[in-house]
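Asker:
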Amino acid sequence: MKIAVTAKGIDLDSQVDPRFGRAAYILIVDTENFECEVLDNKDNVNAFKGAGIQAASMISDKGAEALLTGFCGPNAFETLQAAKIPVVNDVSGTVRDAVKAFKEGKYKFSDQANVDGHW
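Take a look at the structure:
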């Protein structure tokens, strides 16, 4: 399974970035072998608006089947729902630990955004 994880750096030992749309990086991680593809999210970091929607589109295009992040706003959450990508909010720690916890079933998918837009 390929999952997207927001990250402050470019490897599995990076901390999870609490922001979705404006995360520094988004790692697409294969849960079977922990191989990852790094997506540089710099175009969205300073976007005036639409960062979450653009980031959602980007991870959908990469085939992500779930998203692990700290906070996800309503527009991004709606876009992810439309793309059938479930979201786990309130994730912290390293990307590696977050993926392990996901594989162990320690997270519950969110049923709504957990911050207002433009957080």
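So the number in the working numbering is just where the residue sits in the sequence shown, counting from 1, plus 12. Virtual Cβ for every residue (Gly too), placed ideally from N, Cα, C.
Pair every Cβ in the region 89-100 with every Cβ in the region 48-63, then say whether three or more of these pairs are closer than 8 angstroms.
Answerer: Because the criterion of three Cβ pairs below 8 angstroms is not met, the region 89-100 and the region 48-63 do not touch.
Asker: Is the beta carbon of residue 28 less than 8 angstroms from the beta carbon of residue 107?
Answerer: Here residue 28 corresponds to residue number 16 of the sequence shown, with the count starting at 1. Here residue 107 corresponds to residue number 95 of the sequence shown, with the count starting at 1. Yes, they are a contact pair.
Asker: I need the boundaries of the alpha helix (DSSP H) containing residue 16, first residue and last residue.
Answerer: Counted from its first residue, the sequence shown places residue 16 at position 4. Where residue 16 is concerned, there is no enclosing alpha helix (DSSP H), although the beta strand (DSSP E) it sits in stretches over 14-19.
Asker: Just checking, does the region 19-28 make contact with the region 112-124 on the three C-beta pairs under 8 angstroms criterion?
Answerer: No, they do not touch.
Asker: Between the C-alpha atoms of residue 47 and residue 41, what's the straight-line distance to the nearest angstrom?
Answerer: By 1-based counting over the sequence shown, the position of residue 47 is 35. By 1-based counting over the sequence shown, the position of residue 41 is 29. Roughly 6 angstroms between the two C-alpha positions.
Asker: When DSSP labels each residue in this structure, what does residue 57 get in the three-state scheme?
Answerer: To locate residue 57, count along the sequence shown from 1; it is residue 45. Helix at residue 57.
Asker: For residue 45, does the count of other Cβ atoms within 10 angstroms reach 16, so buried, or fall short, so exposed?
Answerer: Mapped onto the sequence shown, residue 45 falls at position 33. It is exposed - the Cβ of residue 45 has fewer than 16 other Cβ atoms within 10 Å.
Asker: Beta-carbon separation of residue 82 and residue 103 under 8 angstroms?
Answerer: In the sequence shown, the residue the question calls residue 82 occupies position 70. In the sequence shown, the residue the question calls residue 103 occupies position 91. A contact, by the Cβ cut-off of 8 angstroms.
Asker: From what residue to what residue does the alpha helix (DSSP H) around residue 109 run?
Answerer: Sequence index remark: in the sequence shown, residue 109 carries index 97 (1-based). Here the alpha helix (DSSP H) through residue 109 covers 107-115.
Asker: Alpha carbon to alpha carbon, how far is residue 14 from residue 71? Give it in angstroms, no decimals.
Answerer: Numbered from its first residue, the sequence shown carries residue 71 at position 59. Numbered from its first residue, the sequence shown carries residue 14 at position 2. Approximately 10 angstroms between the Cα atoms of the pair.
Asker: Just verifying my parser: in three-state terms, what is the DSSP assignment at residue 24?
Answerer: For the purposes of this step, residue 24 is taken as residue 12 along the sequence shown, with counting starting at 1. Three-state result, residue 24: coil.
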